[in-house]
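Notes follow once the structure below has been shown.
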Amino acid sequence: MAKLIIVFFVVPLSGFSQFFMSTDVAERKDAAGKEITSVHLLNSLSVGTLVNNNLIIGVCAEPAVADYIKDGYNPVQDSLVVSAFQFFLRKNFRDYFVFIKLPAYTNFADISTTDRARIGGGYIVYKTERFNLEISYSALLNANENGFRKGKLSIGASTSLEEIKRFLF
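Here's what the structure looks like:
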């Protein structure tokens, strides 16, 4: 369902030059294991529109997840899907950016969308005329039930249709 919503969001926006796309290729979570894992490109695809040169608003296919926590048992990390997709707001400052991701809805009465909101920042490591390679770190805005902010380090790429059109034409 989330990918269908992304498609219906992408198709109309692709006609505009202020179209923004990004995806993560690898991530490292502050959780058990702490190893770097690859990310399926469509599971972290973000599409949006440039409100002005530095402000981007859009939707992200990354699901908002939560830990299953029950008294007397070990928590099961990232086992509850709160929302299949999220809205995001991103502000660029030259080679740096800050962002917030907010789940579109919640599947659980005791978990609000603000409980799963993520705030973060990043740096554009490599810039070309076609795409940007970036690294970012995000954490939960509010700590979860057992006090963790569930930080996540991501490596990804982004582009805008305006940059590609300028390069091609």
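In our numbering, the protein residues as written are 529 to 697. Beta carbons: idealized from backbone N, C-alpha and C, even for Gly. Bear in mind the structure is a predicted one, so any value in this text is a computation, not a measurement.
Around the Cβ of Val653, a 10 Å sphere holds fewer than 16 other Cβ atoms; the residue is exposed. Residue burial is scored here from C-beta neighbours: Phe636 has fewer than 16 other C-beta atoms within 10 angstroms and is therefore classed as exposed. Residue nearest to Tyr651 within the set Arg677, Lys562 and Phe627 is Phe627 (criterion: CA-CA distance). Using a Cβ distance threshold of 7 Å, Phe616 and Ala632 do not count as a contacting pair. Contact annotation, Asn581 with Lys619: C-beta distance approximately 11 Å; criterion of less than 8 Å not satisfied. Taking Leu630 as the centre and dropping the five residues before and after it, the same chain places the C-beta of Gln614, Phe615, Thr641 and Ala645 closer than 7 Å to its C-beta, in chain order. In the DSSP annotation of this structure, the continuous segment of the beta strand (DSSP E) that includes Glu662 starts and ends at Asn660 to Leu668. A distance of 7 Å or more separates the beta carbons of Val609 and Tyr596. Counting along the chain, no beta strand (DSSP E) covers Gln546, and no H or E run does either.
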